[in-house]
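K.L.:
First residue of the sequence shown: 1, per UniProt numbering; consecutive thereafter.
Just so it is clear, CB atoms sit at the ideal spot from N, CA and C, and this is done for glycine as well.
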Amino acid sequence: MDIDFIVGDVLKIDMTKYEKYFDVVFMEGGILYYFHDINQFMKIMQQLLKTNGKMICSDFHPFQKISDILGLEQPTMSYFSTNVFEGEMAHARFFPDEIRRQMPLCSYRKYTISEIINAVIENGFTLNRFDEHPSWANEDVPGEFTIIAKKN
Numbered sequence: 001m002d003i004d005f006i007v008g009d010v011l012k013i014d015m016t017k018y019e020k021y022f023d024v025v026f027m028e029g030g031i032l033y034y035f036h037d038i039n040q041f042m043k044i045m046q047q048l049l050k051t052n053g054k055m056i057c058s059d060f061h062p063f064q065k066i067s068d069i070l071g072l073e074q075p076t077m078s079y080f081s082t083n084v085f086e087g088e089m090a091h092a093r094f095f096p097d098e099i100r101r102q103m104p105l106c107s108y109r110k111y112t113i114s115e116i117i118n119a120v121i122e123n124g125f126t127l128n129r130f131d132e133h134p135s136w137a138n139e140d141v142p143g144e145f146t147i148i149a150k151k152n
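1. Determine the DSSP secondary structure at Ser-107, reduced to helix, strand or coil.
2. Assign Ala-149 to buried or exposed, taking buried as 16 or more other Cβ atoms, counted over all protein chains shown, within 10 Å of its Cβ.
3. Does the segment 83–101 touch the segment 49–56, meaning 3 or more C-beta pairs lie closer than 8 Å?
4. Put Ile-13 into one of helix, strand or coil per three-state DSSP.
5. Distance, Cα to Cα, Thr-126 vs Pro-134?
6. In its own chain, which residues sit with a C-beta less than 6 Å from the C-beta of Pro-75, not counting the 5 before and 5 after it?
7. In whole angstroms, what separates the C-alpha of Asp-23 from that of Lys-43?
8. Among Leu-32, Glu-139, Ile-117, which residue has its Cα nearest to the Cα of Arg-129?
9. What separation, rounded to the nearest whole angstrom, lies between the Cα atoms of Asp-140 and His-61?
10. What's the call for Pro-104, buried or exposed, on a 16-neighbour Cβ count within 10 Å?
11. Looking at Gln-47: is its Cβ nearer than 9 Å to the Cβ of Met-15?
12. Compute the Euclidean distance between the alpha carbons of Arg-93 and Ile-99, then round it to the nearest angstrom.
13. Report the residue ranges of all alpha helix (DSSP H) runs contained in full by the segment 77–152; include only those spanning at least 4 residues, in chain order.
14. Quick check: the Cα distance between Phe-41 and Leu-11, rounded to an integer number of angstroms?
15. If you draw a straight line from the alpha carbon of Thr-146 to that of Thr-82, how long is it in whole angstroms?
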């Protein structure tokens, strides 16, 4: 089995080389929020896949915005906010403070669940499965989700 692992800016990927190239595109661990236009991102995922190719996306659940509103982790924000924020990358909290201070800030946008699902559907995918997974900090609330979709 041959596997191509490509590191780079997916928004600048060479479509002359990679359009309809992949059988599967896989993303996980807080990737969607770093793209300020989820429709542009999903369009690129669709272009990269062969016909009937599979997209697997496992990411942070938008319910985390509710946690923010309740003041559980971050300052209050609206669940329906479309603002772009600046802050630490998602996994910065797992590093020692001395390393954390050296990390550059990033900009991100937290999407609603309907924005995510609709971006998948509206960009040429058939949604095969949507699963929600408990938060690591509190198993009573969702913390992550997984989408499996097929390119039409």
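P.N.:
If we stick to the structure as given:
1. DSSP places Ser-107 in strand when its eight states are reduced to three.
2. When all chains shown are included, Ala-149 counts as buried.
3. These segments do not touch.
4. If DSSP states are grouped into helix, strand and coil, Ile-13 belongs with coil.
5. Using only the alpha carbons, I get a separation of about 25 Å.
6. Unreliable positioning characterises Pro-75 in this predicted model, as indicated by a pLDDT of 47, which lies under 50. A coordinate reading is not provided.
7. Each residue's alpha carbon lies about 16 Å from the other.
8. Comparing Cα-Cα distances from Arg-129 to each of Leu-32, Glu-139, Ile-117, the minimum goes to Ile-117.
9. Each residue's alpha carbon lies about 13 Å from the other.
10. Exposed.
11. Against a cut-off of 9 Å, the Cβ pair of Met-15 and Gln-47 comes out as a contact.
12. Taking the straight line from one Cα to the other gives about 10 Å.
13. Within the segment 77–152, the complete alpha helix (DSSP H) runs of at least 4 residues are 97–100, 113–122.
14. Going by the C-alpha atoms only, they are around 7 Å apart.
15. Put simply, the backbone Cα of Thr-146 is about 22 Å away from that of Thr-82.
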